[in-house]
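Residue numbering for the sequence shown follows this note's numbering, beginning at 17 and increasing consecutively.
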Amino acid sequence: MNYKQFGRLEFDVSVLGFGAMRFPEKEGKIDEQESTKMIHSAIEHGVNYIDTAWPYHKEMSELFLGNALKKGYRDKVKIATKLPCWFIEKQEDCDTYLNNQLKRLKTDHIDFYLLHGLFSSRWEQVLSIKMLDWAKKAIKDGRIENLGFSFHGTYSLFADIIDYYDWDFCQIQYNYMNEDFQAGTKGLEYAYKNEVPVVIMEPLLGGLLANPQGKIKKIWDASGLNPVDVAFRWLWNKKEVTTVLSGMSSLKQLEQNINLADKPDYDKLTIEENKVIEQVVKAYKELNPVPCTQCEYCLPCPQGVNIPRNFNLYNQAVIYDHIFLGKSHYNWHTEESARAGACIQCGECEEKCPQNIKISELMPKIHEALLFKEGEV
C-alpha cells in the first residue's frame with residue numbers, strides 16, 4: 017500500500033480510503049459477514065482510513081463499523097465520521113449526536129470529524145448555531161482529534177469556508193468529469209495552497225464511470241485501458257489529492273482497488289492515457305441535452321437561481337442515465353431558492369446567454385424532472 021502524509025499531521029494515510037456507504041447487502045440490510053471480511057481484509061492490506069456518516073446504510077453504517085473494528089482492528093485505523101448538520105437546531109444537539117456516534121463506533125474519540133455536506137444555507141446554519149465553537153470544546157475534551165468538512169456547494173463558498181477556519185482537512189466530490197462541479201479543480205488547488213489536505217469522494221461517480229455504455233464504452237474498449245484503473249490514477253496523479261475514498265460493495269472490488277493502490281507507479285499517467293480521458297470527457301459532454309458551457313454569463317439571476325448548476329445536474333442525470341444522481345443533488349444539496357423551480361421566466365438571463373439557450377422554457381421542465389415526488393424517498 018502506498019501512503020501520503022496527511023497535511024500537517026503526523027500521520028501517513030493510505031492513498032486508498034474505505035468509504036463505508038456501499039457495503040454489500042442482504043435482504044435490505046448490511047451483509048455483516050461479507051462486509052466484516054472486507055473491512056478486515058482492507059486493514060490487513062494497509063488501508064488505514066475509513067469514512068462513514070450518521071445516515072449511511074439507513075443509519076446503520078456506524079453501528080456496523082463499531083462491531084467490525086473489535087479485536088484490535090480499531091487501533092489500526094483512523095475513523096472519519098460526520099455531524100449531520102441538518103438535524104442540529106441548537107448547540108446541545110451536537111453533543112447528543114457526537115456522543116451517540118462514539119457509542120455506535122465503540123470508541124472514545126473520532127480521529128477525523130466532519131461537518132457533513134456543507135452548502136450555502138447549511139454553512140449559515142453552522143455559523144448561526146456556532147458549531148465551530150462547540151467543535152473546539154469537543155477537540156479540547158478529546159472526543160474529536162481533527163476537524164474538517166465535506167462539501168456540496170459552489171467554489172466561491174468553498175474558498176470562503178477554507179478561509180474562515182484553520183481546518184485540519186476537507187472532503188470534496190471530484191473526478192475527471194467533475195473538474196468544474198462544486199469545489200472542482202479550483203477548490204482542490206485552493207485548499208492545497210492553504211495547506212488543507214483534501215479527501216476525495218465519488219472518484220467513480222457512484223460507479224457510473226466504472227461501467228461506461230455506448231460510445232463511451234467503445235472509446236475505452238479501443239484503448240485497451242481499464243476505466244477504473246485510469247480514474248483512480250487520474251486522481252492520485254494530482255499532488256493536491258491526499259487520499260481517495262472508494263465505496264466498495266464486494267471483495268472483488270476491494271481486491272482490484274488494493275492492487276491499484278499497491279503499485280509503485282500508482283500515481284502515474286501516460287500521455288496516451290490522458291488523451292483517452294480527454295476523448296471520454298468530450299464524448300460525455302456531447303451527450304448533454306442542454307448545451308450549457310458553465311460560462312456563468314447568465315448570473316446573477318434576479319431570483320437567485322443557479323442556472324448553470326441546474327443545467328449541470330440535469331445533464332449528468334441524462335448522460336449517465338441515472339436520474340437519482342441529479343435528484344439527490346438537486347433536493348439535498350441545492351438551496352430551494354437556487355433551484356430551477358424558483359425561476360419566474362423573466363427572460364433576463366436569455367439576453368446574456370452566448371449559447372442562445374431558452375432558459376425560461378427549460379427551468380420548469382428541469383424542476384419537474386429533478387424534484388423528488390411524494391413517497392419517492
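Ideal Cβ placement from N, Cα and C applies to all residues, glycine included.
Quick caveat: nothing in here was measured; it's all calculated off a predicted structure.
Span separating the alpha-carbon of residue i from that of residue j
i: Leu220; j: Gly357; result: 29 Å
i: Tyr180; j: Val214; result: 16 Å
i: Gln361; j: Tyr330; result: 18 Å
i: Glu188; j: Gly44; result: Per the sequence shown, the amino acid found at residue 188 is Ile instead of Glu. Cα-Cα distance, rounded: 28 Å.
i: Tyr19; j: Leu173; result: 30 Å
i: Ser1; j: Gly169; result: Any question about residue 1 goes unanswered here, given that the chain covers just 17 to 393.
i: Lys368; j: His125; result: 52 Å
i: Ala58; j: Val321; result: 43 Å
i: His73; j: Ser344; result: 16 Å
i: Phe197; j: Thr309; result: 12 Å
i: Lys122; j: Gly88; result: 12 Å
i: Ala151; j: Ile160; result: 8 Å
i: Ile104; j: Val142; result: 9 Å
i: Gly222; j: Lys254; result: 21 Å
i: Asn326; j: Glu60; result: 43 Å
i: Trp252; j: Gly158; result: 32 Å
i: Leu163; j: Asp127; result: 9 Å
Counterpart residues of residue i in DSSP-defined beta bridges
i: Cys186; result: Phe165, Val214
i: Asp67; result: Gly35, Ala96
i: Leu261; result: Gly33
i: Asp111; result: None; Asp111 has no bridge partner.
i: Asp28; result: Gln21
Cutoff 6 Å; reference residue i; Cβ partners in own chain excluding five residues on either side
i: Gln371; result: Pro307
i: Thr68; result: Ala36, Ser77, Glu78, Leu81, Thr97
i: Ala175; result: Tyr206
i: Ser239; result: Val292
Contact set for residue i: own chain, Cβ-Cβ below 7 Å, skip 5 residues either direction
i: Cys317; result: Ile323, Cys365
i: Leu335; result: The sequence as given places Ile at residue 335; Leu does not occur at that position. Tyr300, Leu303, Asn304, listed in sequence order.
Under the three-state DSSP convention, the category residue i falls into
i: Glu41; result: strand
i: Ile160; result: strand
i: Gly240; result: coil
i: Tyr19; result: strand
i: His125; result: coil
i: Gly363; result: coil
i: His132; result: strand
i: Ile46; result: strand
i: Asn253; result: coil
i: Asp149; result: helix
i: Gly85; result: For the record, residue 85 in the displayed sequence is Leu; it is not Gly. Of the three classes helix, strand and coil, the one that applies to Leu85 here is coil, per DSSP.
Sequence-distant residues of its chain with Cβ nearer than 8 Å to residue i (five each side left out)
i: Asp245; result: Leu276
i: Ala385; result: Tyr330, Ala333, Ile339, Gly342
i: Gly23; result: Asp184, Phe185, Glu211, Val212, Pro213, Thr258
i: Ser30; result: Met17, Asn18, Tyr19, Gly62, Val63, Asn64, Tyr65, Thr259, Ala277
i: Arg249; result: Leu276, Tyr282, Asp283, Lys284, Leu285, Glu289
i: Pro100; result: Ala69, Trp70, Pro71, Tyr113, His132
Whole-angstrom C-beta distance between residue j and residue i, which should lie under 8 Å
i: Phe165; j: Leu134; result: 5 Å
i: Ser376; j: Phe39; result: With a Cβ gap of about 44 Å, Ser376 and Phe39 do not count as contacting.
i: Ile216; j: Leu32; result: The pair is not a contact, with the Cβ atoms about 11 Å apart (cut-off 8 Å).
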